[in-house]
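Terminal number for the sequence shown in our numbering: 452, no gaps in between.
From the three backbone atoms N, C-alpha and C, an ideal C-beta is built for every residue, glycine too.
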Amino acid sequence: MESMLFPFLLVIFASIFQGSFGLGMKFMNPLKWEAWWLVHSLFAMILLPTLWAYFVTPDLFSVVTSAPSEDMLMAMAFGALWGVGGIMFGKSVPYIGISLTYGIVMGVCAAAGGLIPLFTADDAQYQSMIPALPYILGGVALMVVGVAITAYAGVQKDKLQAITEASGEKVNLKLGIIIAVLSGFLSAFLAIGFAEGSAIGAIAQEAGAIARNSSLAIWVVVLWGGFAINAGYALFLLFKNNTWSSFSTPNAGKAYAWSIGAAILWFGALGIYGQGATLMGSLGDVIAWPIMLGLSLIVGNIWSYLNKEWEGAKKPFYIMLLGVFVIIVAVVVMGYS
116 MESMLFPFLL
126 VIFASIFQGS
136 FGLGMKFMNP
146 LKWEAWWLVH
156 SLFAMILLPT
166 LWAYFVTPDL
176 FSVVTSAPSE
186 DMLMAMAFGA
196 LWGVGGIMFG
206 KSVPYIGISL
216 TYGIVMGVCA
226 AAGGLIPLFT
236 ADDAQYQSMI
246 PALPYILGGV
256 ALMVVGVAIT
266 AYAGVQKDKL
276 QAITEASGEK
286 VNLKLGIIIA
296 VLSGFLSAFL
306 AIGFAEGSAI
316 GAIAQEAGAI
326 ARNSSLAIWV
336 VVLWGGFAIN
346 AGYALFLLFK
356 NNTWSSFSTP
366 NAGKAYAWSI
376 GAAILWFGAL
386 GIYGQGATLM
396 GSLGDVIAWP
406 IMLGLSLIVG
416 NIWSYLNKEW
426 EGAKKPFYIM
436 LLGVFVIIVA
446 VVVMGYS
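The structure is reproduced here in structure tokens:
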């Protein structure tokens, strides 16, 4: 049996990828968002998951097609709901700013992604987790507090740097918060879709895949649903804005490279997270997701600091460090569980 330390380290490693993939979104120009995102979605949600799963899962396509149709449809449906949550994230930003949106979405997503699998587990799984329950609930609560503190720090930083008016649109706090909460809740369905696709992983193991690699077959199915929403929205914008010519924009090589690079980091995070969560057993469905999101928030803030985004905001920076400390405590508590 593999040490429990190894899957925990996998989740930590996944958080580094998850917290870093957003760097690519700083390099979209000269491509239009919808063109950049369609390429990114194709690689992140179809090509990379399928290619990785193909090499580690014997007869991948037979595994996927032999899975119970109900499990496949549920996994894809949850992936599609996650896709809707991602679109709502973008809709919330113009109303309340990126920092507050990100904080709300991450907090709600971390809590929902951990608690929903806990309270929907079957009796045998739930009974096995009862001894760890106080640490799970305490860790999730601390994670939400830590994310809230870092979000508050981000809002204060934005105020000092006079950039709270996103996209030049009027701030609508109530509407923005409602959309952000819904986005966070729906975004958690990516983790729930992974948990619901466990039957696909079991079939992959029966076909000869090792335990941690069986998770990759699950992602192939879940992300079909996610791709349908993300690609569909990008195509809608391409038609609506008549921006098809963006694909042939001169000197767009760097933007394409970052689109694919961000896809590698994004699915690299999910693929490694899935391996770690699988090796943790039933507890992995509950604690691995909030741990990865919390640590990825720390990684994202490290990148922000290195990019000098906290210059001139000394007090908010110290508040952010307090949030980071609380998140680390939360990770230790959930890891102890």
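Query                                                                                                               : Result
DSSP state of L174 mapped onto helix, strand, coil                                                                  : The sequence as given places Asp at residue 174; Leu does not occur at that position. Note: D174 maps to coil in three-state DSSP.
Beta-carbon proximity check, L188 vs A378, cutoff 8 Å                                                               : no
N345 vs M160 beta-carbon contact at 8 Å                                                                             : yes
Alpha helix (DSSP H) runs wholly inside the segment 189 to 260, at least 4 long, in chain order                     : 213 to 234 and 238 to 244
In chain order, each beta strand (DSSP E) run of at least 3 residues that lies wholly inside the segment 120 to 153 : none
Cα-Cα separation, E321 to F304                                                                                      : 26 Å
Alpha-carbon to alpha-carbon, F342 and G198                                                                         : 7 Å
Identity of the residue in M203, L394 and N328 nearest F170 by Cα                                                   : N328
Through-space distance from V126 to A403, alpha-carbon basis                                                        : 7 Å
Terminal residues of the alpha helix (DSSP H) in which M407 lies                                                    : G399 to L421
heavy atom of the ligand SAM below 7 Å from V223 C-beta                                                             : With respect to the ligand SAM, the structure shown offers nothing to examine, as it has no ligands at all.
Pair within 8 Å by beta-carbon distance, G229 and V401                                                              : yes
Touch test, the segment 131 to 139 against the segment 405 to 420, Cβ-Cβ under 8 Å, three pairs minimum             : yes
Status (buried if at least 16 other CB within 10 Å, exposed otherwise) for E311                                     : buried
P453 versus Q133, P145 and M119, residue with shortest Cα-Cα distance                                               : No statement about residue 453 is possible, as the shown extent of the chain runs from 116 to 452 and does not include it.
The segment 266 to 275 contacting the segment 247 to 258, beta-carbon criterion three pairs below 8 Å               : no
Local Cβ density within 10 Å of P173, reported as buried at 16 or more and exposed below that                       : exposed
Spatially closest choice to A195 from S298, I219 and M119, by CA coordinates                                        : S298
Span of the alpha helix (DSSP H) around N328                                                                        : Unbroken run through N328: none, as it is neither H nor E.
Nearest-angstrom beta carbon gap, V179 and A332 [assumed within contact, 8 Å]                                       : 6 Å
Outcome for Y433 when other beta-carbon atoms lying within 10 angstroms are tallied against a minimum of 16         : exposed
Nearest neighbour of S361, chosen from L166, A150, S177 and A263 [CA to CA]                                         : A150
Nearest to F309 (by Cα), restricted to the options G399, A445 and V447                                              : G399
E321 - containing alpha helix (DSSP H), residue span                                                                : S313 to E321
Residues near L385 in its chain [Cβ-Cβ closer than 7 Å; skip 5 each side]                                           : W334
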